[in-house]
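Protein chains in written order, with numbering that gives the first Met the number 0: chain A, 0 to 246; chain B, 0 to 109; chain C, 0 to 114.
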Amino acid sequence: MTGTAEDTLRVSVWRGNEAGGALAEYRVPARANQTVLDVVTYIQRELDPSLAYRFACRVGMCGSCAMTVNGRARWTCRTHVSKVAQDGALELRPLSNLPVIRDLATDMAPFFDKWSRAKGTFQPKDAPDGAVPAEFAVVPPASRQREAADAGIECIGCGVCYASCDIVAWNQDYLGPAALNRAWTLVNDVRDGAKRERLDAVAGDAGCHACHSTQSCTERCPKQIDPSGAIAGLKRSLFWSILPGFR
Amino acid sequence: MNGVHLWAVQRITAMFLALAVVVHLVTILVAVRGGLSGAEIIARTSGSLAWFGFYAAFALAAGLHGAIGLRAIGAEWLGWRGRGVDALWLGIGLATAAFGIRAAWGLFSA
Amino acid sequence: MIDTRPRRHPAWIAFLIHRLSGLALALFLPLHFWALGQAIQGEAALDGFLRWADNGVLKFAETVLVVLLAAHLAGGLRVLALEFLGWRAQQKTMVAASAGVALAAGLLFLLNLGA
């Protein structure tokens, strides 16, 4: 904004719990360099100690501070107020598509349950009981599969993609972009031995086939991961696997 | 039919329809010049096994493709889910296809 | 009401257009088959229907349908490119191109109507 800077921000914050809630208004002093997390922290420390919200690292590494800012899911610690405030106004709500515990804190359990349902855990080949395999696996970093896996392994499970996905909103069983992205990284991990079970777990109306490529996940991911591409990869893998003669 | 098969049918019919629609659009654009008439349409299709075969396949693909698409909309926007609903969509898809093949036959034997 | 703020990016709009055009086409299709099926009653029946449809309102509706068909086709090719070929980088370009193709098809239809 050019001209005189706003002295105060008008911040609407959703207050409530699983039974319901409403927006509450607060006035927060505007500063030259201010993140949305700074704003939330100010409200809780100076104006209303009953406000519930989450944060941890404050530096864009943990993903705990994700919430809905002016309609879009973001990490509040990495969102500058100057970039998102509209005429000095901010609207903060908890992440979408998740049950609300209180105010800006959501219950992440369904998100991680779906991660588990998509078989998002590594299963070592040749050592199913968890023992260390006798030989090191040779995995060329520049191989197509390793590059596909590397493109998605930085996911920290912040839930922004899940909150941004309309299919998650419309289809309760849909595993969601993060769980499917994780499954794709494991499908491409040549050391993993559970490929068949994992592909079965991610197929169908609750799995990758429910994705309609709206690509909000890729658009919003704070780590520039591409769950849409991962989901398309899962569709391809499953497609070829139904053709006769596929190994 | 599991999820993979339904998706595969949707995408395979899509690929066929892509070609068929291009042919169809060009045919429409040419046919529409100087006004559309029954005589002109029937002159092209009457007795032509090629056109009949094309339109019959087109109708079948479109019927299935449309039904699978409507199924997704019904499930996501109206909450219609379950085996009964799936059977309904299959029925609608096949009925639409049959209706189209009937029309193609009508144009062939006119 | 739907919050449009998180939904204003190209791929989402393309999805919506693809879904709504598909819905319209799926609802139109039985009508289309019925109209053509008039041929079963002979050329005169088909001609009768075509003459009934030869007016401004219906020609406009037909133009809209042609645009929707072309839009659905172009959008569908974009989705197939993403799913089968893994084309990521050009998705937004393809969205823009799809819009262009759809409008071009409609325009060509209108021009040929008058030809």
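For each residue, glycine too, the CB sits at the ideal point set by N, CA and C.
Limits of the unbroken alpha helix (DSSP H) element including residue i
i              : result
residue 155(A) : Here residue 155(A) belongs to no alpha helix (DSSP H), and DSSP marks it neither H nor E.
residue 41(A)  : 35-41
residue 136(A) : Counting along the chain, residue 136(A) falls outside any alpha helix (DSSP H), and DSSP gives it neither H nor E.
residue 43(B)  : 37-44
residue 90(A)  : Looking at the DSSP string, residue 90(A) is not in any alpha helix (DSSP H); the run it does join, the beta strand (DSSP E), is 88-92.
residue 72(A)  : First-last for residue 72(A): 71-74, but that is the beta strand (DSSP E), not the alpha helix (DSSP H).
residue 61(C)  : 55-79
residue 17(C)  : 9-36
residue 15(B)  : 2-30
residue 48(C)  : 42-51
residue 64(B)  : 48-77
residue 91(B)  : 82-107
residue 184(A) : 176-186
residue 39(C)  : Counting along the chain, residue 39(C) falls outside any alpha helix (DSSP H), and DSSP gives it neither H nor E.
residue 195(A) : 194-200
Interface partners of residue i on chain B, CB under 9 Å
i              : result
residue 202(A) : 1, 2, 3, 6
residue 108(C) : 24, 27, 28, 31
residue 238(A) : 3, 6, 7, 10
residue 69(C)  : 20, 24
Presumed contact (8 Å Cβ cut-off) between residue i and residue j, rounded CB distance
i              : j              : result
residue 52(A)  : residue 104(A) : 6 Å
residue 16(C)  : residue 74(C)  : 6 Å
residue 95(B)  : residue 62(B)  : 4 Å
residue 77(C)  : residue 56(C)  : Rounded, the Cβ-Cβ distance is 32 Å, inconsistent with contact.
residue 94(A)  : residue 72(A)  : 6 Å
residue 191(A) : residue 144(A) : Wrong, their Cβ atoms sit about 10 Å apart, outside the cutoff.
residue 70(A)  : residue 5(C)   : 5 Å
residue 75(A)  : residue 120(A) : Contact flag wrong, Cβ pair sits at about 30 Å.
residue 153(A) : residue 222(A) : 5 Å
residue 46(C)  : residue 37(B)  : 4 Å
residue 9(A)   : residue 136(A) : With 8 Å as the limit, residue 9(A) and residue 136(A) do not qualify as a contact, their Cβ atoms being about 56 Å apart.
residue 212(A) : residue 14(C)  : 7 Å
Neighbouring residues, chain B, relative to residue i (Cβ below 8 Å)
i              : result
residue 70(A)  : Here the premise fails: no neighbours, minimum Cβ distance about 21 Å.
residue 230(A) : The contacting residues do not exist; residue 230(A) stays about 12 Å from chain B at best.
residue 241(A) : 3, 4, 7
residue 32(C)  : 58, 95, 98, 99, 101, 102
residue 28(C)  : 61, 62, 65, 95, 99
The beta strand (DSSP E) enclosing residue i, as first and last residue numbers
i              : result
residue 86(C)  : From DSSP, residue 86(C) is part of no beta strand (DSSP E); its letter is neither H nor E.
residue 12(A)  : 7-16
residue 100(A) : 99-101
residue 221(A) : Per DSSP, residue 221(A) belongs to no beta strand (DSSP E) and is neither H nor E.
residue 22(A)  : 19-28
residue 67(A)  : 65-68
Cross-chain neighbours of residue i in chain A, by beta carbon under 8 Å
i             : result
residue 76(B) : 169
residue 90(C) : 214
residue 82(C) : 212, 231, 234, 235
residue 85(C) : 228, 231, 232, 235
Amino acids of chain B, ordered along the chain, whose beta-carbon sits closer than 7 Å to that of residue i
i              : result
residue 206(A) : 2
residue 112(C) : 31
residue 75(C)  : 13, 17
residue 102(C) : By Cβ distance, chain B contributes nothing, its closest Cβ being about 14 Å from residue 102(C), past 7 Å.
Contact test: residue i Cβ vs the ligand COA heavy atom, cutoff 8 Å
i              : result
residue 142(A) : Absence of the ligand COA from the depicted structure is noted, as is the absence of any ligand whatsoever, leaving it without description.
Candidates the options: closest to residue i by CA position
i              : options                        : result
residue 46(A)  : 122(A), 160(A), 28(A)          : 28(A)
residue 104(C) : 104(B), 98(B), 20(B)           : 20(B)
residue 10(B)  : 98(C), 62(C), 9(C), 72(C)      : 72(C)
residue 65(A)  : 229(A), 86(A), 92(A)           : 92(A)
residue 90(C)  : 227(A), 233(A), 86(A)          : 227(A)
residue 233(A) : 60(C), 82(C), 43(C)            : 82(C)
residue 205(A) : 29(B), 53(B), 71(B)            : 71(B)
residue 5(B)   : 39(B), 108(B), 66(B)           : 66(B)
residue 28(C)  : 75(B), 81(B), 87(B), 57(B)     : 57(B)
residue 231(A) : 67(A), 186(A), 219(A)          : 186(A)
residue 126(B) : 54(C), 98(C), 65(C)            : Residue 126(B) falls outside the range modelled here, since chain B spans only 0 to 109, and no answer is possible.
residue 238(A) : 218(A), 155(A), 222(A), 207(A) : 207(A)
residue 98(C)  : 67(C), 46(C), 40(C), 26(C)     : 67(C)
residue 184(A) : 13(A), 84(A), 149(A), 80(A)    : 149(A)
residue 60(A)  : 98(A), 157(A), 229(A)          : 157(A)
residue 118(A) : 174(A), 108(A), 213(A), 159(A) : 174(A)
residue 179(A) : 200(A), 243(A), 98(A), 193(A)  : 200(A)
CB contact check: residue i to chain E, cutoff 9 Å
i             : result
residue 88(C) : Chain labels in this structure do not include chain E; the protein chains are A, B and C.
Per-residue contacts from residue i into chain A (C-beta, under 7 Å)
i             : result
residue 78(C) : 212
Partners in chain C for residue i, counting only beta-carbon separations shorter than 7 Å
i             : result
residue 35(B) : 49
*asked:* So if I threshold CB-CB distances at 8 Å, which residues from the stretch 160-184 of chain A count as touching chain B?
replied: Going along the stretch 160-184 of chain A in chain order, one finds 166, 169, 170 with a Cβ nearer than 8 Å to chain B.
*Under 9 Å (Cβ pairs) to chain B, residues found in the stretch 209-234 of chain A*: Within the stretch 209-234 of chain A, the residues whose Cβ lies closer than 9 Å to some Cβ of chain B are 209, 211, 234, listed in chain order.
*Pull out every residue of the stretch 1-26 of chain C whose Cβ sits closer than 8 Å to any Cβ of chain B, in chain order.*
Those would be 18, 21, 22, 24, 25, in chain order.
*Using a beta-carbon distance cut-off of less than 7 Å, what residues from the stretch 33-63 of chain C approach chain A?*
Sequence-ordered contacts of the stretch 33-63 of chain C with chain A are nonexistent [C-beta pairs closer than 7 Å].
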